[in-house]
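Asker: These protein sequence lines are chains L and B, in that order.
The first sequence begins at 2 in the numbering used here and counts up by one.
The second sequence begins at 7 in the numbering used here and counts up by one.
C-beta: ideal position from N, C-alpha, C; glycine also.
Every value quoted in this text rests on a predicted model; they were computed, and no experiment measured them.
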Amino acid sequence: MVSIKRGKNDILGDILLGLIFLFFMFPIYWVFTMAFKSDSDILIWPPKFIFSPTLAHFKAILFNQLSEQSVGATTTVNYLGYFKNSLIVSISAVLISLAVGIPAAYAFARYNFKGRENLFFNFLTFRFAPEMLVIIPIYLIYQRLGLYDTYTGLIWVYQLITLPMIIWILRGYFEDVSADLEDAGLLDGYSRLNIAARIVLPIVKPGIAATSLLTFIYAWNNFIFGMILGGTGVQPVTVAALQFISADKLRFGDMAAASILAALPIIILAVYTQKYLIRGLSLGAVKQ
Amino acid sequence: MAEVRIEHVYKTFRSKGKEVEAVKDLNLTIRDGEFMVILGPSGCGKTTTLRMIVGLEDITRGKIYIKDRAVNDLTPQERNIAMAFETYALYNHLSVKENLLFPLKARKTPADEQETRLHKIVEMLEMEDILNMKPSQLSGGQQQRVSLGRALIRRPDVFFLDEPLSHLDINLRINARNRIKRLHAESMTTMVLVTHDQLEAMALADRIAVMNFAELQQVGTPRELLDQPVNLFVAGFVGEPAINLLTGRLICEQDEIYITDDAKIRQKTGLKKIDGSGQIVLGIRPHDLIICGEGEADLAGQVEVVEFLGEQKQITFRVGENLLTSIVSVSTKFEQGQNIYFRVRNGKLHVFDKQTERRLDYQHKGVSVCR
C-alpha cells in the first residue's frame, strides 16, 4: 500500500516539476521561436506554432542587412559593437572586483578586526539598494566628472554588482581553508603573503573560478546602468535591443534575435558551470 | 638538540570584553633530547602552551627559552622548530613529495641537499610508494606519516606533536605510537607531544606534564605519576582502570593518627597533628588491591560484575555505597553477589585532603601530637 502511494506521489511530483519547467522555459522558448519567424508570423493571431524558419533577423542584426521584412526601418544597429561593449565592461568589472575582493574576503575570513561583521554586512547592502534609487544621483555625478558614456564609468558603477558578491561568496571559501594549513606554512618558514599565494589561493582557485563566472553573469545581465550611464558608444547588448524600437516600427523579430544572441553566452556558461555555481552559492552566502 | 625553558608564562584571551586565562604561571623545563608529553583534558591549556612555544600564539606574560635563547619575539621560522598538526595540515594541492620539500624550499636549501634529506625521510617513514600521490588519495595513517615527515625533514631543534594520533583508528594508533617512539630514539631530537589520552602519554613519555584548569599540576615520569600523584585530579586522570576513591577521615587514638573509612581500612599515619577538618579521600589503584582472607582484609565487599580481559579479570565490587574495581588474576573464580576480601598493597594507599584535594604525605615518622 505504502509503496503504491509513494509511487503516485512521485508521479504527481514529476508532473508538477514538469509544469514548473514549462512555466519558466516558455518565455525563452517563445523568444527563441520568434527570432526565427518572419514578421508576419510573429504578429498573427492565433499564434503559429508551426512555421517556416528564417535567418533574416540574425542577418539583419549581425550584418546590417535589411531583410525585406525590415523594409521601412530607418535605423541600423551596430550589434556586434554592443557585444564588444558588454564583454569589455563585464570582464573588466569582474577582474577589478577580483583584485579588490580576494584580499578583502581573505581579511574578512581570517582577521578579527573591530566592526568586521558590520562592515561585511555593509557590503551586502550595496546589493539591497534598488538601482533605480541611486541611478539619478550617479548620473548627475558622472555628468560632472566626465564619466558619463565612458568604459571607466560603467566599470566603476558595475562594482556595485560584482564586488559585494565576490566578497560574500569568497569569504565562505576562505573560511573553509583550515587555519592549521596557514599555521603549518608559518612553521615551514613562509611569510603571510607567501602563504596566501602558495597555499591558500591554489586551494580556493575553483571557488574563485565559480564566483567569477557567477558575477560575470550578473554583470552581463545588467540593464539599467548601461541604459542610463552609457551613451551608444559604451552601452551593452542588453540595452541594444531597445534600438530596434523605432518611431515607425517595432522590430520584434530583430529584438528576439538580439536577445537570443545576448543570452546565449550566459546560458552556455551557466549550463557548463552549473555544478560549481551551486556549490559557490550554497557555500559562501548561505553559510553565514 | 635543545632545551626548552618556560618561565612564569601566562596566556590571557580576550573575547567580547571578557578575559579568560588559558595558561596560568606555567614553569616547565623540557630537557635536551627528552620526550615530554603534556597531558590534560580538553580546554586545560595544553594546546595553547604548545602554540606559544612554537610561536603561533603571543605570550601574554613570562618568558620562553629554546636553546637558552628567549624566543618571545621570534617568528616560528626563527625558532627552528617543527610541528605535526592534529589535522595533519597537508597541502592538498601538492603531491606528497612537494609537501615534504615545501619547508626546505622556504629555506632555499640546495637541491642536492634537498634530495638527500628527502631520501632519508622517505626511507625512515616508508613512503616510497606514495611520493607522487596527492594527500587526498592517502589513508589516515599515510597522511599522518607525511605530516611527521614534513616536520622532521627540516631537522628542527625541537619537534612538537599536537594530538598526532587522535584521528587514527585503534590498530593504526598503536602502530603510529610505536613509530613516533622509534623516531625519537633515532633522531635524538627533543620532542613535545600534546594529548588528552593518558595511555598514549604513558607509552611515549620520558616525563609527563599534567595540566588542568590552565595550571600545571605535576611533572614526572609515568611511574612517579602513578605512585605519587600530588592531588586528586592527577590521581584520577592518570591510570587505567581509574583509581578507586573512598571518603574517610583522620582520627586520633592514643596519641596516634589513623586513617579510617567506612570499610575497615586503618593505618597509622605518623602525622603530628590533624590539619583542617580531617576529612580525607583515599585512593587505591585497582592493581594494588590483593585478594586475601577475611581476617587480614582492609576491604570487604560483594562482587557486582566480573569482566574477562584475557590475561586478567576486572572485578567490580560494592563496599557500602561505593563501587570499586580491582584487577585480579584470571584464575580466580568469583560470581556475582559473592563476598570478596581485599588488602591494599603496602605503601600504595594514596591519601588526599578532601578540601584542598592535595596529597597528604603521611609516611614520615615523628612524635604524634593529637589536637
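1) In three-state terms, what does DSSP make of residue 143/L?
2) Could you tell me the alpha carbon to alpha carbon distance between residue 166/L and residue 112/L, rounded to whole angstroms?
3) Assess, as a yes-or-no matter, whether the region 10-18 of chain B is touched by the region 261-275 of chain L under the definition of 3 or more beta carbon pairs within less than 8 Å.
4) To the nearest angstrom, how far is the alpha carbon of residue 85/B from that of residue 187/L?
5) Please determine, among 358/B, 58/B and 347/B, the residue with the shortest C-alpha to C-alpha distance to residue 283/B.
6) In chain order, what are the residue ranges of uninterrupted alpha helix (DSSP H) at least 4 long that sit wholly in the region 25-58 of chain L?
7) Using a cut-off of 8 Å between C-beta atoms, extract the partners of residue 95/B located in chain L.
8) Taking all protein chains shown into account, decide if residue 244/L is buried (16 or more other Cβ within 10 angstroms of its Cβ) or exposed.
9) What do you get for residue 287/B, buried or exposed, if any count of 16 or more other CB atoms within 10 angstroms of its CB means buried?
10) With 8 Å as the C-beta to C-beta threshold (strictly closer), list the residues of the region 187-203 of chain B near chain L in chain order.
11) Answer with yes or no whether the minimum CB distance from residue 60/B to chain L is below 8 Å.
12) Cβ closer than 8 Å: which chain L residues qualify as neighbours of residue 88/B?
13) So residue 204/L contacts chain B; which residues on that side make the cut at Cβ distance below 9 Å?
14) Rank 92/L, 195/L and 59/L by C-alpha distance to the C-alpha of residue 253/L and give the top, closest one.
15) Assign residue 73/L to one of three DSSP states: helix, strand, or coil.
16) With a 10 Å radius around its C-beta and 16 neighbouring C-beta atoms as the bar for buried, classify residue 356/B as buried or exposed.
17) Between the beta-carbon of residue 172/L and the beta-carbon of residue 258/L, is there less than 8 Å?
18) Taking DSSP as the reference, what is the three-state secondary structure of residue 80/B?
19) Counting only runs of 3+ residues fully inside the region 83-171 of chain B, write out the beta strand (DSSP E) ranges in chain order.
20) CB-CB under 7 Å to residue 37/B, same chain, minus the five flanking residues each way: which ones, in chain order?
21) So which of 242/B, 142/B, 285/B and 170/B has the shortest CA-CA distance to residue 4/B?
22) Please state whether DSSP places residue 215/B in a helix, a strand or coil.
23) Using 8 Å as the threshold, is the C-beta distance between residue 165/B and residue 174/B below it?
24) Based on the DSSP secondary-structure assignment, which residues constitute the bridge partners of residue 110/L?
25) Could you check the C-alpha separation between residue 233/L and residue 47/L for me, to the nearest Å?
26) Measure the beta-carbon distance from residue 139/L to residue 230/L and round it to whole angstroms, keeping in mind my assumption that it falls under 8 Å.
27) Closer than 8 Å by C-beta to residue 92/L: which residues in its own chain qualify, once you throw out the five before and the five after it? Chain order, please.
28) Whole angstroms are fine: how far does the CA of residue 33/B sit from the CA of residue 315/B?
29) So residue 65/B and residue 78/B are in contact, right, with Cβ under 8 Å, and what is the actual spacing, rounded?
30) What are the boundary residues of the beta strand (DSSP E) that includes residue 241/L?
31) Could you name the residues of the same chain whose beta carbon sits closer than 7 Å to that of residue 182/L, not counting the 5 residues immediately before and after it, in chain order?
32) Just the Cα atoms here: how many angstroms apart are residue 69/L and residue 35/L?
33) Return helix, strand or coil for residue 309/B, following the three-state DSSP convention.
34) Round the Cβ separation of residue 223/L and residue 212/L to the nearest angstrom and send it over; I've been treating them as touching at under 8 Å.
35) For residue 185/B, decide whether its Cβ has a neighbour in chain L, counting only Cβ atoms nearer than 8 Å.
36) Using a C-beta cutoff of 8 Å, does residue 151/B count as contacting chain L?
Answerer: Put simply:
1) helix
2) Cα to Cα, residue 166/L sits roughly 20 Å from residue 112/L.
3) As far as the Cβ criterion goes, the region 261-275 of chain L does not touch the region 10-18 of chain B, which means the pair count is below three.
4) 11 Å
5) 358/B
6) Correct list: 40-44.
7) 179, 181, 182, 184 and 185
8) The residue in question, residue 244/L, is buried, as its Cβ has 16 or more Cβ neighbours within 10 Å.
9) buried
10) none
11) yes
12) 188
13) 97, 98 and 99
14) Of the listed residues, the one whose Cα sits closest to residue 253/L is 59/L.
15) In this prediction, residue 73/L scores a pLDDT of 47, lower than 50, which makes its location untrustworthy; the coordinate-derived value is nonetheless stated afterwards. Three-state result, residue 73/L: coil.
16) buried
17) no
18) coil
19) 87-90 and 164-168
20) 9
21) Lying before the first or after the last residue shown, residue 4/B is absent from chain B, which here runs from 7 to 377.
22) strand
23) no
24) Paired residues: none, contrary to the question.
25) Each residue's alpha carbon lies about 37 Å from the other.
26) 7 Å
27) Only 217 meet the Cβ criterion.
28) One C-alpha to the other measures close to 40 Å.
29) 5 Å
30) Note, residue 241/L: premise wrong, no beta strand (DSSP E); alpha helix (DSSP H) at 238-241.
31) Cβ within range, chain order: 200.
32) At residue 69/L, the pLDDT of 46 sits below 50, so the modelled position is not reliable; the number obtained from the coordinates is stated separately. When the Cα atoms are used, residue 69/L and residue 35/L turn out to be separated by approximately 17 Å.
33) Residue 309/B falls in the strand class under three-state DSSP.
34) That pair is no contact at about 17 Å.
35) no
36) no
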